[in-house]
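Below is one structure; the comments refer to it alone.
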Amino acid sequence: MPVTRNVNIWTRIDKVSIVIFLLLVIIGWFNIYAAVYNEEHTRIVDLSQRYGKQFVWILATFVIAVFVVVIDTRFYFFFAYFIYGFLLFLLLLVLFVGKDINGARSWFQFGSFSLQPSEFAKAGTALALAAYLNTTRHDLGKLSVFITSVGIILMPALLIILQPDMGSAVVFLSLFIVLFREGMSPYILISGFLMLVLFFFTLIFNNTWLALGLILSALLLAWIVTRKWKLLLLAMVILAVSSLIVYGFNSLVIKSLKNEHILLISVLLSGIAYAFYFYNKRAFSLLAIYLFLAGSLAYVNSVNMAFNTLMKPHQKERVEIMLGIKSDPHGTGYNVNQSIISIGSGGFSGKGYLQGTQTKFKFVPAQSTDFIFCTIGEEWGFMGSFVVIALYVMLIIRLIILAERQRSDFSRIYGYGVVSIFFVHFFINIGMTVGLVPVIGIPLPFLSYGGSSLWAFTILLFIFLRLDASRSEYLV
41 MPVTRNVNIW
51 TRIDKVSIVI
61 FLLLVIIGWF
71 NIYAAVYNEE
81 HTRIVDLSQR
91 YGKQFVWILA
101 TFVIAVFVVV
111 IDTRFYFFFA
121 YFIYGFLLFL
131 LLLVLFVGKD
141 INGARSWFQF
151 GSFSLQPSEF
161 AKAGTALALA
171 AYLNTTRHDL
181 GKLSVFITSV
191 GIILMPALLI
201 ILQPDMGSAV
211 VFLSLFIVLF
221 REGMSPYILI
231 SGFLMLVLFF
241 FTLIFNNTWL
251 ALGLILSALL
261 LAWIVTRKWK
271 LLLLAMVILA
281 VSSLIVYGFN
291 SLVIKSLKNE
301 HILLISVLLS
311 GIAYAFYFYN
321 KRAFSLLAIY
331 LFLAGSLAYV
341 NSVNMAFNTL
351 MKPHQKERVE
361 IMLGIKSDPH
371 GTGYNVNQSI
381 ISIGSGGFSG
391 KGYLQGTQTK
401 FKFVPAQSTD
411 FIFCTIGEEW
421 GFMGSFVVIA
431 LYVMLIIRLI
441 ILAERQRSDF
451 SRIYGYGVVS
461 IFFVHFFINI
471 GMTVGLVPVI
481 GIPLPFLSYG
491 GSSLWAFTIL
501 LFIFLRLDAS
511 RSEYLV
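Residues in the sequence shown are numbered from 41 upward in steps of one, following our numbering.
Quick look at the structure:
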């Protein structure tokens, strides 16, 4: 196949993505100015203020974007593992020599400038995952390929958890969307979603009633599959007898098991009796239902323990406030409460630029970083918020289109990595400002204040635009 190399990259780079990128960066800069506006420092390029520093970082961003584009695409393919390994090293190093900011050792301090390696690790992980799946022909049906792919995703996430920075770590899970696109069983993605739903249900509802609901759902599903009433009644009798035995043993001997523990043990004991039927009738569908039920009950019993032992108190409170279990408008829930007030007060058309009272009087903490969307909602109203959300949706859709037209597997897989990371950042950040998801502290791409996030998102995006611009030159 003939190889063409005399191509002007700048004429082939996607202009739609560039325009959206520029609009988001400019909107972000002006809203950072509004969020931290100081009447004594009204110049938007005042370097003593955050908006002045952001201006410098924006200028550096344009230089970085040009640099990323002029590099040969083969560099990103052949050095993907090296980039990934180097960033893993930085994530490990920051645990020992990093600076503590807001309770997390996530930053390297260079004078007055701080750098957060976890932001750049997202691009490195997307590159490594693309390189690996490209060389293995993305055969995710093989257990070894699937486990290695998951390992590539989870390794940086685990190092970031040690910082601890749960918000940044959660973003890496978005790369499971890439695995799904490349052939991962949809049941794994569905199971992950159901686990998330069950996690919240476990915290909201009484665990005994939730366990009974799961058992009844499994029995109903078994009847739909078999349409045999006698089999269903037999299963119920076996489960009832097992429950009575375990309940009696607990009452007389153990005296410490909760009702949900009794139900789990009863289902596991019933499985011994069911196993004979599963084996003789080759009832694989019923076996799958039983395993799902047993796994769900075990998960329900483990959630509370994990929630109370693995999560920090402020993280637990954020989840409880989001679910309505707890109300603390002047404590942990203050940020979200003020954020909702700020966005709601903007109405349809907003209060006007630099006229936001919630913004002006600093009612919302972190308003130039994690809660930058509050400024947009208050000063620009529904219309301004709609425009910003529309720009993100357009960018994500555009990147999906670009990813699907790639001739190289590496470029397509990396493209979906970019899409996944942008989508999760966009969804979680805006979701937490309106109380739909817990506050986990991740920036809004291109809008939030900060050099590390701005540069990292720029690198993430422009590597893909560079790959797309040279998609007809050669395949890697």
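Cβ coordinates follow ideal geometry from the N, Cα and C atoms, glycine included.
The model shown is predicted, which means the values in this text are computed figures rather than measured ones.
| Asked | Found |
| --- | --- |
| Identified DSSP bridge partners for N78 | H81 |
| Beta-bridge pairing of Q149 - partner residues as DSSP gives them | S154 |
| Selection from F411, E418, T399 and Q378 that minimises the alpha carbon distance to G390 | E418 |
| Cβ shell of G471 (< 8 Å), same chain only, five flanking positions each side left out | V477 |
| Strand pairing of A144, partner residues [DSSP] | I141 |
| Sequence-distant residues of its chain with Cβ nearer than 6 Å to Y287 (five each side left out) | I302 |
| Distance between F102 and G490 (C-alpha atoms, nearest Å) | 15 Å |
| Proximity below 8 Å, CB of Y330 to CB of Y314 | yes |
| Contact set for L132: own chain, Cβ-Cβ below 8 Å, skip 5 residues either direction | L199 |
| Unbroken alpha helix (DSSP H) run spanning S385, endpoints | Y374 to S385 |
| Start and end residues, alpha helix (DSSP H) containing K270 | W269 to F289 |
| Distance cut-off 7 Å: A313 Cβ against heavy atoms of the ligand ZN | No copy of the ligand ZN occurs in the structure displayed, which carries no ligand at all. |
| Residue environment, I468, which counts as buried when at least 16 other CB atoms sit within 10 Å | buried |
| Nearest residue (CA-CA) to G232, options N246, L215, I244 and T248 | L215 |
| Length at least 3, wholly inside the region 458-505: the beta strand (DSSP E) runs in chain order | none |
| DSSP-derived helix/strand/coil call for I111 | coil |
| Three-state secondary structure (DSSP) of I264 | helix |
| Rounded straight-line distance, which links the Cα of S451 to that of S57 | 16 Å |
| K93 (DSSP reduced to helix, strand or coil) | helix |
| Reduced DSSP category for T248 - H, G, I as helix; E, B as strand; rest coil | helix |
| Simplified DSSP assignment, three categories, for G191 | helix |
| N- and C-terminal bounds of the alpha helix (DSSP H) containing I49 | I49 to R52 |
| Coil, strand or helix - A406 by DSSP | coil |
| Whole-number beta carbon distance between I72 and S408, since they are thought to touch under 8 Å | 5 Å |
| CB of W170 within 8 Å of CB of I453, strictly | Note that residue 170 is Ala in the sequence shown here, rather than Trp. Yes, the pair counts as a contact, with Cβ atoms nearer than the cut-off. |
| For L394, the three-state DSSP class (helix, strand or coil) | coil |
| Beta-carbon contacts of D205 that lie in its chain and below 7 Å, excluding the five residues immediately before and after | A144, S146 and S158 |
| T397 versus R506: straight-line alpha-carbon distance, rounded | 43 Å |
| Proximity of S342 and S306 at Cβ, strictly below 8 Å | no |
| Straight-line gap, G481 to D410 (C-alpha atoms, nearest Å) | 6 Å |
| Residue of Q89, I437, Y121 and A406 minimising C-alpha distance to N142 | A406 |
| Rounded straight-line distance, which links the Cα of Y374 to that of N48 | 52 Å |
| L442 to F61 span [Cα, whole Å] | 15 Å |
| Buried versus exposed call for E222 [16 or more other C-beta atoms within 10 Å across all chains shown] | buried |
| CA-to-CA distance, W420 to L261, given in whole angstroms | 50 Å |
| Secondary structure of S225, DSSP reduced to three states | coil |
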